[in-house]
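**Student:**
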Amino acid sequence: MFSHVMVGTNDIERSKRFYDAVLAVLGAPEGFGNQASSGHQRLFYRNAGGTFCVSQPINGEPAMHANGGTIGFKCESAEQVKAFHDVAVTHGGQSIEEPPGLREGSLGAMHLAYVRDPDGNKLCALYRVKTG
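Under this note's numbering, the first residue of the sequence shown is numbered 1043, with each subsequent residue one higher.
#1: Are the Cβ atoms of Lys1164 and His1107 separated by less than 8 angstroms?
#2: Is it true that the CB of Asp1161 sits closer than 8 angstroms to the CB of Asn1052?
#3: Tell me whether the beta-carbon of Leu1149 lies closer than 8 angstroms to the beta-carbon of Phe1115.
#4: Short of 7 angstroms in beta carbon distance, which residues of its chain neighbour Glu1072, apart from the five on each side in sequence? Order them along the chain.
#5: Using only alpha-carbon positions, find the residue among Ala1078, Glu1118, Pro1141 that is nearest to Ala1090.
#6: Would you be able to state if there are at least three C-beta pairs under 8 angstroms between the stretch 1077–1084 and the stretch 1095–1113?
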């Protein structure tokens, strides 16, 4: 359904340090930079058929996070969810909501962890427990 997801940043180098570390937990290679024709800097992370991008806002205004928005990253295990969380916090992210762990509800059992990146974007690491 999606070709890519892009978030804004006010500090491209800080974002590169953060996302290089956090997305490596999911097997993504180091992000590569690009300068758009407008002059703003962007980073691209490609993994498992998807692209995650970080960009200085093209309109020159400060980057702001989406209130109510969350970007979810699929994990392969409960341990990977915890590692995503811990690496994010170590690299300038902020742990939010409940501590990483198992949640059970109408959508089934999932291991979840929520963090905010250094620019305030809300990220979720998710591993759906396999049943039967």
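Ideal Cβ positions, reconstructed from N, Cα and C, are used throughout, including at glycine.
**Tutor:** Answer, in terms of the structure:
#1: yes
#2: yes
#3: In this structure, Phe1115 does not lie closer than 8 angstroms to Leu1149 by Cβ.
#4: Asp1062
#5: Glu1118
#6: yes
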